[in-house]
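In our numbering, the protein residues as written are 13 to 171.
Ideal Cβ placement from N, Cα and C applies to all residues, glycine included.
Note that the structure is a prediction, hence the values are computed from the model and not measured.
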Ligand SMILES: [Fe+2]
Ligand SMILES: [Fe+2]
């Protein structure tokens, strides 16, 4: 799986979870907690690894630098909203409104990456490098996710 396919795999999953969460109401506290908890960690890890593996390669290329900085700024805003939603009571209508605002940003960002950024990047990144980047992305995402996962009783028993 090359870097474009691997990133798109995460995007497709994110789209699916966002649709599910958008359908929930303030009464679906458990579902919101569970789905959002996973979504938040997955997006944080996605942004970090995307920056380290994909954007770091393109950022210094003059043809891509403006687009790269715009994308990195969107990651920053999205991460902040994820943080805010994480500490805001899920059993409220306000949470749903805030979550929809995050979805609008994420959907715009994901679409721009796939429709605008990927075609430009494909002209600059040799295909064998794109294949290697896909493998690196996958390996690093697992490490980052494992590192930020909240600790549970099993972790403590194993210590
Ligand atoms: Fe991104
Ligand atoms: Fe992305």
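Are the Cβ atoms of residue i and residue j separated by less than 8 Å?
i: residue 36; j: residue 44; result: yes
i: residue 16; j: residue 151; result: no
i: residue 113; j: residue 93; result: yes
i: residue 89; j: residue 117; result: yes
i: residue 137; j: residue 23; result: no
i: residue 64; j: residue 160; result: no
i: residue 18; j: residue 146; result: yes
Going by C-alpha to C-alpha distance, which of the options sits closest to residue i?
i: residue 52; options: 69, 168, 33 and 14; result: 33
i: residue 21; options: 41, 167, 54 and 46; result: 54
i: residue 96; options: 70, 77, 49 and 19; result: 49
i: residue 30; options: 47, 148 and 40; result: 47
i: residue 60; options: 70, 40, 87 and 77; result: 87
i: residue 148; options: 124, 42 and 62; result: 62
i: residue 115; options: 91, 135 and 127; result: 91
i: residue 135; options: 75, 158 and 42; result: 75
i: residue 70; options: 25, 153, 125 and 109; result: 125
i: residue 14; options: 66, 25, 120 and 119; result: 66
What is the DSSP secondary structure of residue i, counted as helix, strand or coil?
i: residue 131; result: helix
i: residue 27; result: helix
i: residue 102; result: coil
i: residue 39; result: coil
i: residue 75; result: coil
i: residue 161; result: coil
i: residue 15; result: helix
i: residue 137; result: coil
Original post:
Any chance the stretch 123 to 140 sits against the stretch 99 to 114, with 3 or more Cβ pairs inside 8 Å?
Top reply: no
Subject >> Segment contact flag, the stretch 105 to 118 with the stretch 63 to 82, C-beta cutoff 8 Å, min 3 pairs >> reply: no
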